[in-house]
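Quick note: the sequence shown uses my numbering, first residue 262, plus one each step. No residue lacks a Cβ here, since even glycine has one placed at the ideal position from N, Cα and C. Worksheet: one structure, shown below.
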Amino acid sequence: MKSNLFQWRSLKIRLTLFTLAIFLIGIWSLTFYASRILRDDMQGLLGDQQFSSVSLLADQVNHELDDRLRLLEVVAGGVTPIMLGKPAALQALLQQHSHLQMLFNGGVIALGLDGTAIAEVPLSAGRIGVNYMDVYAVVVALKEGKSTIGRPVMGRKLLAPVFDMAVPIRDPQGKVMGILMGVINLGKPNFLDKITESRYGKTGGYFLAAPQLRLNITATDKSRIMQPLPAPGISPAIDRFVQGYEGTDLYVNQVGVEVLVSAKNIPVSGWKLVANLPTAEAFAPIYSMQRRMLMATILLTLLAGSLIWWMTWWMLRRQLSPMLAATRTLATLSGTSQPLKPLPITSQDEIGELISGFNRLLETLAQREALLKQILDTSSVAIFLVDKEGRITQANQRMAEMFGCSVEALVGSEYVTLVPPAEREMSRQRMQALLSSEIQSVDLERLYWRADRTEFWGNLTGKRFTDASGEDRGLVGVIADITERKCIEVVLRNSEARYRNFVAELPLGIAITQDGLIKYVNRALVEMIGYPENEILGQPFIPLVDEADRPRLRDLHQRRMNGEEVEKSYVVGMVRKDGEVRQWQGYVNTIDWEGKPSGLGSFIDITERRLIEEQVRQLAFHDALTQLPNRRLLNDRLIQAMAASKRSACYGALMFLDLDNFKSLNDQHGHEVGDLLLIEAADRLKSCVREIDTVARFGGDEFVVMLGELDIDRVESTSQARVVAEKIRLTLSEPYLLTIRRDGKAATSVEYHCSASIGVALFVNHEASPDDVLKWADTAMYQAKATGLNLIRFYDQNI
């Protein structure tokens, strides 16, 4: 195996890139996180500072406004009803309070109940006789009798932005009899200049706004004085401030500049004082630090990334070298016929444990291969495999003996060379028809050629062969030597007495029947059936047959008597006199016996062969350790269950189980003890389900349980499956008492607790394939493991 930098499927490359990716993601995530946290902290700190500043300034403005209102109230308290009737006296009173003009640069006006000015300071303003009932503050003071700060407007006489403060003048009974109004001219120096003349930072500033009017009263930026705020919905941040929010926020102003804004309410007027600072200035130190962090991160990425790449590559190459060597050895062994040998273990770590597992697997495969070879070589019939090109790829020892050559000579040769030349083309056509699925199987009698060109009769049965993964590998064939039987048939047809002694001594069981009664049996059949000859002759043949096979045999006999073409070969159970049921392979022909149509049957006892075939089938479809069905048999049964579900519309369920803490048992006590637990777990699983259900071992410590024929309602089927899954979960969670027996040592017992994580998937009709259902259950099992051990999870297609 070559170590290539661009060999992206290599485990070393993928692990190295994965490690490097984790580092890069980590360091860049840390950089962005630190940068973000630093900005958020700075924003919070600057916001607090800005809010403190605007709060202090807002408090000063609030005091200034409140002081002016209080002063107006004091002066209004000195106005008597007589003064309102004598404007000169009222004018004198106002002039006595010279400090009024210092606090109200737009003057002070006394109004009557009709809102008309009757006195003012200074007199030069010319406002006596003017009606001010259109002024908001005047209306509120007259109608509600409370002191009010008015709305900023353009003054009619001053022709400049102004706002008014109005307080009621009351008689001794408290009834409003006039108004005293002070005017602040925003066009002249006033107490709000501390706002217009102050800056916040280098580029920031303040502005005073009337939220209820959505209007800027005054601002550091002169262009914003008496300018309206954005309409509702344009700026969510401004809308929050208008609705009464006090605090700090970020927003983009009308000219597209992001600013940090803090707002504080002025209670006495309902106005809001706002400080704003462009974030370009506010976060300038952060932006500078972020640039330095970015440069440092790039340099660290290049340096550490190169170091991690080199170290990870070097360590993986060193650590994985034993596994790579084992892989090369396995690849070499798979391509040759060499016997499987244990792989060398060079380290006692996870790689060593993996290679040890390979060795145990190789040992198991070697044992199975030896058992299968022994079964094949001791078979009484020839067994062989043919590839898609018609060449023999495997043959047993009996086939070599039958054709008078070695197994090595058979393997690689064309199958059609085993038949006489005149029949080879027909044989090739029949084989191609079988390979192309035009016919499903063959069962015929034909002549074969031995290596020395002598002929013999054989009975050939053949069908398509698929391996454990379901891939089509060609054909499997079985040839039984029937030369003796053919000779017997010839002898019996000729009815020559000199051959009857020969037939009587044949190892094949021979029986001749007329009208359903036995007329002749040879010595071999007497020994096979266990009855004396005098107890058999003249008796019907059917009672000797096992009850399960009698209907089929009667049907064959009746169809043969009616002249129908029926199979000549069949397997039947025969009951010996001692009661033992043996499996016989029978061949039946119609002959002329003593001038009457008779049935000629020849029989061989295939009981042992059937046992061997069952052993082979057991190896192919069952797990060697637990004797449970394996993946291949599970797949067949799942296909059948899904087909049955399609017919009945009933749901089925598939459960995927994984033992939670099985590995620790192997690590502590060895794999022999782990095998004992797997066997016990398999027995417990079988006890939890019905006969019609399937329990299979999927591999390692993974099991699959398939429930069929639940309910047509999904909710009810889910409930039934949940009951079984819970029963399995509780049963597998009970303690395991495992008895360990080792050669030369006393038996010991180990108590172990092992739970299972269970994933369940329901299926019905044709909504999915078998592979899909298995994947669903496997996904649900991993969800159970991720949530916590010893849990049950159902697959949800909507997740």
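Burial state of residue i, where buried means 16 or more other Cβ atoms lie within 10 Å
| i | result |
| --- | --- |
| A942 | buried |
| P429 | buried |
| M262 | The pLDDT assigned to M262 is 41, lower than 50, so where the model puts this residue is not dependable; a value taken from the coordinates is nonetheless given after this. Exposed is the call here. |
| K533 | buried |
| G367 | buried |
| R815 | exposed |
| A694 | exposed |
| Y848 | buried |
| S756 | Annotation note: pLDDT 49 at S756 (below 50); position unreliable, no value reported. |
| P413 | buried |
| Y467 | buried |
| I298 | exposed |
| D425 | buried |
| V516 | exposed |
| F923 | buried |
| W571 | exposed |
| A427 | buried |
| L266 | At L266, the pLDDT of 42 sits below 50, so the modelled position is not reliable and the matter cannot be decided from this model. |
| F365 | buried |
| S1018 | buried |
| R621 | exposed |
| T509 | buried |
Rounded Cβ spacing between residue i and residue j (contact assumed at less than 8 Å)
| i | j | result |
| --- | --- | --- |
| Y1013 | L938 | 7 Å |
| N1051 | R990 | 7 Å |
| L469 | T479 | 5 Å |
| F717 | R711 | 7 Å |
| R689 | S863 | Not really, about 31 Å apart at Cβ, beyond 8 Å. |
| Q352 | A378 | Not quite, the Cβ-Cβ distance comes to about 11 Å (not below 8 Å), so this is no contact. |
| G834 | D807 | 3 Å |
| G777 | P804 | No, G777 and P804 are not in contact; Cβ-Cβ is about 11 Å, not under 8 Å. |
| L971 | A914 | 6 Å |
| A398 | M442 | 7 Å |
| D921 | C1015 | 7 Å |
Own chain partners of residue i with C-beta closer than 6 Å, once the 5 adjacent residues on each side are dropped
| i | result |
| --- | --- |
| Q775 | K857, S859 |
| A394 | Note that residue 394 corresponds to Met in the displayed sequence, not to Ala. Cβ within range, chain order: G376. |
| L889 | A943, V956, A957, R958 |
| V315 | S523, K525, L534, A536 |
| N720 | E706, A741, I743 |
| T992 | R945, C949 |
| V513 | E519 |
| T722 | D704, V739 |
| S264 | Residue confidence for S264 is low, a pLDDT of 44 falling below 50, so the modelled location carries little weight; the figure read from the coordinates is stated next. Contacts found: none. |
| P768 | A785 |
Check: residue i C-beta below 6 Å from any heavy atom of the ligand SAH
| i | result |
| --- | --- |
| Y792 | Among the components modelled here there is no ligand, and therefore nothing to report on the ligand SAH. |
Same chain, Cβ closer than 8 Å to residue i, neighbours up to 5 away in sequence not counted
| i | result |
| --- | --- |
| I653 | F645, L646, V647, L671, V672, G673, S674, E675, Y676 |
| Q655 | F645, L646, V672 |
| Q362 | G368, V369, V382, P383 |
| S408 | L330, L333, E334, A402, M426, A427, V428, P429 |
| L798 | I779, K780, Y781, V782 |
Same chain, Cβ closer than 7 Å to residue i, five either side skipped, listed in chain order
| i | result |
| --- | --- |
| D432 | P342, M438 |
| T887 | L939, I940, A943, R958 |
| R837 | I790, G791, R843 |
Residues bridged to residue i (per DSSP)
| i | result |
| --- | --- |
| L915 | M967, A1022 |
| I283 | In DSSP, I283 forms no bridge with anything. |
| P890 | H883 |
| K449 | Answer is none; K449 lacks a bridge partner. |
| F468 | A480, V535 |
| P858 | D853 |
| G844 | According to the sequence displayed, residue 844 carries Gln and not Gly. G834, per the DSSP bridge assignment. |
| L920 | A1017 |
| F645 | A656, G738 |
| T1000 | S1010 |
| T955 | M967 |
| K525 | L534 |
| Y294 | Looking at the DSSP assignment, Y294 forms no beta bridge with any residue, so it has no partner. |
| V444 | D425 |
Checklist entry - Which runs of the alpha helix (DSSP H) fall wholly inside the segment 362-441 and span at least 4 residues, in chain order? => result 397-405
Next on the checklist: To test your reading of the DSSP string, which unbroken beta strand (DSSP E) runs of 3 or more residues are found completely within the segment 674-760?
Outcome noted: 702-710, 716-727, 733-742
Checklist entry - Hey, which unbroken runs of the alpha helix (DSSP H) at 4 residues or more fall wholly within the segment 761-795? => result 761-765, 784-790
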